[in-house]
Amino acid sequence: MGWLNAVIQGLLLGGLYALFATGLSLMFGVMRIVNLAHGDLAVVASFLALALVSGTGLPLWIVLVVTVPLFAVLGYLTQRVLLQRSLSSGPLATLLVTFGLSIVLQNVLLEVFSADTRTIDGGSFGTGSFELNGSISIGYLSLATFLLACAVLAAIQLFLSRTGLGRMLRASSDDRETANLVGADSRHVYGIATAIAFATVALAGLMFAMRSSFDPATGPSRLIFAFEAVVIGGLGSLWGTLLGGMVLGVTQSLGAQIDPALTLLAGHLVFLAVLAFRPQGLIAGRTA
Amino acid sequence: MTISQMVTSRAAAALDVSRAARSSKLSAVVMLAAVAVLAALPFVAFSNVTDTLVNLFVLIALASMWNLLAGFGGLVSVGQQAYIGIGAYSVIAFADQGVQPYLAVPLAAVTCVIFAVPTSWLAFRLRGDYFAVGTWVIAEVYRLLVVRIDSVGGGSGKGLAGMSDLDQTLRGALTYWVALALALATIAACYLLLRGRLGLSLMAVRDEETAASSVGIDVRRAKRVVYLVSAAGCGAAGGVITVSSLSVNPDAIFSVQWSAYMIFIVVIGGIGYIEGPLLGAVIFFGLQQLLADYGSWYLVLLGAIGMAAALWLPRGLWGLMRDRTGLSLFPVGYFVRGRDA
Amino acid sequence: MTLLSISDLTVHHGQLRAVDGLSLDLEKGEVLAIIGANGAGKSTLLRALAGLNPPTSGSVHLGGRDITRLPAYKRVSEGIALVPEGRRLFHSLTVEENLLTGAYRKRPGPWTLTRVYELFPWMSDRRRQNASQLSGGEQQSVAIGRALLANPDLLLIDELSLGLAPVIVRRIYEVLPGIVGAGTTALIVEQDVSQAMRVADRVHCLLEGRSVLEGRPRDLTAEQVEHAYFGIGQALPAGSAREGHD
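Chains as they are written, first to last, in this note's numbering: chain A, 1 to 288; chain B, 1001 to 1341; chain C, 2001 to 2246.
The following block contains the structure:
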């Protein structure tokens, strides 16, 4: 039954990976930007929450309510001030700018918070669990994380398919110039996409922080998880990303079941296998 | 005679086409002199000077390889640390087998090529930005595999064997010369590759890949050659790092930090110019020495400078200098002058 | 009443001066066709009117307002909609979603989703289909519908007939009177001269970015049009052009 438990835990973790990867997928889909600072932004959110919780003593849910919109605003501004400019300087520029941002964020965190490993204490909710049967126990936190991730993904999906602005996001991703022709201001559309990406990153960062420890150098490995989830699932498809996140979560969880040192390697190997045998991803979305 | 033949022959009669500008003949002499001085340095300077310069040479070599990959091949990799690590571990492994460590450095380059062949097959399935992160994942996989091999020290790394019987001064000098040779070899390799047929193909591919392939350039082959050469160069650099530090640590040698260094050196110096990494490495090295006391703030500054350069100075400092002066140390293009001038 | 007034407009396409000091006026409710050979500057003119190519000099006024420097997305609110060359539908969106992108700026006017479905009756049955599954002619109709949902005062249509069978082209052009009847003015660029002469109230013939012939289709002889189109004897006044072909 250990194996079944591992699969269930992996699926629950996969929901979080999917939530975290959504921003990366969205920014790539709409703007063709791979945000190399994606993981670091999640860690910044973790540290910000940590500082707010320990500094002000506010309950965690209020911190969450503050941090997520704050990141959305930061995302919009980052796009308008930094990324928009890099988009006009060629494809290499966006990669370099986000990579530079990643280095800056990591090292500012290092200076401000030191290299110590931290966690956010979720209290009894963070450690509590209920038993499904003798060998399978499900943590409240894992389950809540998973449900929240699915809810957010569904909300984003609804936004993209049912609202005018969401449609414009998808239209811009297909053909930016024609989207301009029907009235989309691409800078604004890109700003919205980045805002959503940052908000989901902040949310995911907070959940990561409650589940596992983090330090200023954690960002790059988180980025790799997001990237793997996106590629495994298939570029440009939100449901693909959810599937990709779950495949990654289950693989890591099964790898850990064999040998804890295999956790990361198992995920990477599945990613490479997908790359080798099904480069368009499990659910082929739009061609990138 | 077809029209195109007529046009070509008429143009050839009216124009001089040469590879070297006048300035580059002079600069070749200056560069040879500089190399001679650098090579003689262990006889006249203190070992702390030469030890520091080893780092500079490694940076020049790494940056040149990244420039070849990204600036000429259009392959923006964030995973060249894979080959730095494999090169470093190859030297450790060869030394364990009794190979003299300095001789193991070129063997490390060969080992990296052997690893790069199947790796390129996988990595080339990704395009553009996804190639960047994909190569990074591959580097992570190599790190995770290496730490599982107990004979090279697992997760804690290992010391380099076969160096204790060398005199310390001689060892310092040998390391210095090997590093200098590495830097010169990488620059020479870039220059020769780009002057040749491959260079022309690469520039065509970089400018317009579809058109290049339609005029018969084997795009994949051109890119693969660049990737393999770059792997060899980074592997040798990893080997030099190991003979210089006498030990290897998996987390440090496979760190993405190396990619950060390479990228920023090239971006600041000037991507797509052979001179760019040279200039960038000297600036980076200067900053490193200058800001050594400020800890991670120096990396913050570096990141900020890199971002600024990417946004406002897309051709780097060398591009700026070249626009102002027309200077070119390593001309890989052609100069066309009217004969009547 | 003049809806669109272009004066001394010059637009560069890269290094090339694609539109060269062009002036023309368009009356409200009129259908103006711009004809001309490949590279005469027709598409660049339309792209400049839609705000995609910034003009080098000159001015464009729409309903008396200067829109010369307005970005493309703002011109939609001002009342310009372009049906771009090659249709350019959003391929990951359904037919209906493609149409709805046209209504993004929500300009008041007669055109609604229902009206567009009345104009092209086949469309409502296939509104959930992906736009990439449509034939070329169907895509062209969706592109027109998308532009109409913006309720434009001025509808620009670029190379409607490109790559379509003549019978399909004729069928699509049949809806044009209905569109103009609903109060829209149309400026169409057309390579198929006879088609343009059939639907337009007035034609302009462009040659190397300049207007070399202008008039009502019934006032122009086939020879005049041919000469203007190919630039034969362009220095001579229209009507006295040299006979015969080079």
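Positions of the beta carbon are idealized from the N, C-alpha and C atoms, including for glycine.
Unbroken alpha helix (DSSP H) run spanning residue i, endpoints
{"i": "B/Ile1241", "result": "Val1219 to Ser1245"}
{"i": "A/Thr67", "result": "Leu60 to Thr78"}
{"i": "A/His188", "result": "Ser186 to Arg211"}
{"i": "C/Arg2047", "result": "Lys2042 to Ala2050"}
{"i": "C/Ser2211", "result": "From DSSP, C/Ser2211 is part of no alpha helix (DSSP H) but of the beta strand (DSSP E) over Arg2210 to Gly2215."}
{"i": "C/Phe2230", "result": "Ala2222 to Phe2230"}
{"i": "A/Leu87", "result": "Gln84 to Leu87"}
{"i": "C/Glu2174", "result": "Segment: none, C/Glu2174 is in no alpha helix (DSSP H) and carries neither H nor E."}
{"i": "C/Ser2059", "result": "Not the alpha helix (DSSP H): C/Ser2059 falls in the beta strand (DSSP E), residues Ser2057 to Leu2062."}
{"i": "B/Ser1213", "result": "Glu1209 to Ser1214"}
{"i": "B/Ile1138", "result": "Gly1128 to Val1146"}
Residue i (DSSP reduced to helix, strand or coil)
{"i": "A/Val274", "result": "helix"}
{"i": "A/Ile136", "result": "coil"}
{"i": "A/Asn35", "result": "coil"}
{"i": "B/Asp1293", "result": "helix"}
{"i": "A/Asp174", "result": "helix"}
{"i": "B/Leu1194", "result": "helix"}
{"i": "A/Thr218", "result": "coil"}
{"i": "A/Arg286", "result": "Note that A/Arg286 scores a pLDDT of 46, beneath 50, so its modelled location is shaky; the value from the coordinates is reported in the next line. Of the three classes helix, strand and coil, the one that applies to A/Arg286 here is coil, per DSSP."}
{"i": "C/Arg2242", "result": "Because the pLDDT of C/Arg2242 is 39, which lies under 50, any placement of that residue in the model is unreliable, and the number read from its coordinates should be weighed accordingly. Residue state, collapsed to three classes: coil."}
{"i": "A/Ala229", "result": "helix"}
{"i": "A/Asp116", "result": "coil"}
{"i": "A/Asn180", "result": "helix"}
{"i": "B/Gly1159", "result": "strand"}
{"i": "A/Phe47", "result": "helix"}
{"i": "A/Glu131", "result": "strand"}
{"i": "C/Leu2091", "result": "In the sequence as presented, Leu is not what sits at residue 2091 of chain C; that position holds His. Reduced to three states, the DSSP call for C/His2091 is coil."}
{"i": "C/Gly2036", "result": "strand"}
{"i": "C/Ile2067", "result": "coil"}
{"i": "A/Leu19", "result": "helix"}
Minimum C-alpha distance to residue i - residue among the options
{"i": "B/Val1342", "options": "B/Val1137, B/Met1031, B/Met1163 and B/Arg1171", "result": "In the structure displayed, chain B extends from 1001 to 1341; residue 1342 of chain B sits before or after that span and is not available."}
{"i": "B/Ser1120", "options": "B/Pro1106, B/Ala1204, B/Trp1136 and B/Ala1108", "result": "B/Trp1136"}
{"i": "B/Ile1149", "options": "B/Ala1093, B/Val1029, B/Gly1326 and B/Ala1173", "result": "B/Ala1093"}
{"i": "B/Val1117", "options": "B/Leu1327, B/Lys1223, B/Glu1275 and B/Gln1288", "result": "B/Lys1223"}
{"i": "C/Val2116", "options": "C/Ala2143, C/Gln2133 and C/Tyr2104", "result": "C/Ala2143"}
{"i": "B/Val1141", "options": "A/Leu4, A/Arg162 and A/Val270", "result": "A/Val270"}
{"i": "C/Asp2025", "options": "C/Ala2037, C/Arg2069 and C/Ser2005", "result": "C/Ser2005"}
{"i": "B/Asp1207", "options": "B/Leu1246, B/Ala1108, B/Gly1071 and B/Asp1251", "result": "B/Gly1071"}
{"i": "C/Arg2216", "options": "C/Ile2035, C/Val2169 and C/Arg2017", "result": "C/Ile2035"}
{"i": "A/Leu50", "options": "A/Met210, A/Gln84 and A/Gly234", "result": "A/Met210"}
{"i": "B/Leu1301", "options": "B/Phe1330, B/Tyr1261 and B/Ile1274", "result": "B/Tyr1261"}
{"i": "B/Tyr1089", "options": "B/Ile1268, B/Pro1250 and B/Ala1281", "result": "B/Pro1250"}
{"i": "A/Ala45", "options": "A/Val201, A/Ala266, A/Gly255 and A/Ala217", "result": "A/Val201"}
{"i": "C/Arg2107", "options": "C/Arg2069, C/Gln2195, C/Gly2178 and C/Arg2146", "result": "C/Arg2146"}
{"i": "C/Ile2188", "options": "C/Glu2174, C/Val2203 and C/Gly2181", "result": "C/Val2203"}
{"i": "C/Thr2221", "options": "C/Thr2101, C/His2061 and C/Val2193", "result": "C/Val2193"}
{"i": "A/Arg90", "options": "B/Ala1252, B/Tyr1191, B/Gly1074 and B/Tyr1083", "result": "First, the amino acid is wrong: residue 90 of chain A is Gly here, not Arg. Taking only the C-alpha atoms, the option nearest A/Gly90 is B/Gly1074."}
Cα-Cα separation between residue i and residue j, rounded to whole angstroms
{"i": "C/Arg2065", "j": "B/Tyr1298", "result": "54 Å"}
{"i": "B/Phe1284", "j": "B/Ile1265", "result": "6 Å"}
{"i": "A/Val81", "j": "A/Leu74", "result": "10 Å"}
{"i": "A/Ser221", "j": "B/Leu1126", "result": "19 Å"}
{"i": "A/Asp174", "j": "C/Gln2224", "result": "43 Å"}
{"i": "B/Ile1263", "j": "B/Ser1230", "result": "14 Å"}
{"i": "C/Leu2052", "j": "C/Leu2155", "result": "15 Å"}
{"i": "A/Thr251", "j": "B/Ile1114", "result": "29 Å"}
{"i": "B/Leu1103", "j": "B/Ser1255", "result": "25 Å"}
{"i": "C/Arg2218", "j": "C/Ser2057", "result": "33 Å"}
{"i": "C/Glu2097", "j": "C/Gly2183", "result": "25 Å"}
{"i": "B/Ala1161", "j": "B/Val1248", "result": "11 Å"}
{"i": "A/Gly245", "j": "A/Ile224", "result": "12 Å"}
Residue interval of the beta strand (DSSP E) (run including residue i)
{"i": "C/Ile2188", "result": "Thr2185 to Val2189"}
{"i": "C/Ile2080", "result": "Ile2080 to Val2083"}
{"i": "C/Ala2018", "result": "Leu2016 to Glu2027"}
{"i": "C/Arg2202", "result": "Arg2202 to Leu2207"}
Any non-hydrogen atom of the ligand NAD within 7 Å of residue i CB
{"i": "A/Gly122", "result": "This structure simply doesn't include the ligand NAD, nor any ligand for that matter."}
**Request:** Let me know the alpha helix (DSSP H) ranges lying completely inside the region 1055–1099 of chain B, each 4 residues or longer, listed in chain order.
**Result:** 1081–1096
**Request:** Report the residue ranges of all alpha helix (DSSP H) runs contained in full by the region 1270–1318 of chain B; include only those spanning at least 4 residues, in chain order.
**Result:** 1275–1290 and 1297–1312
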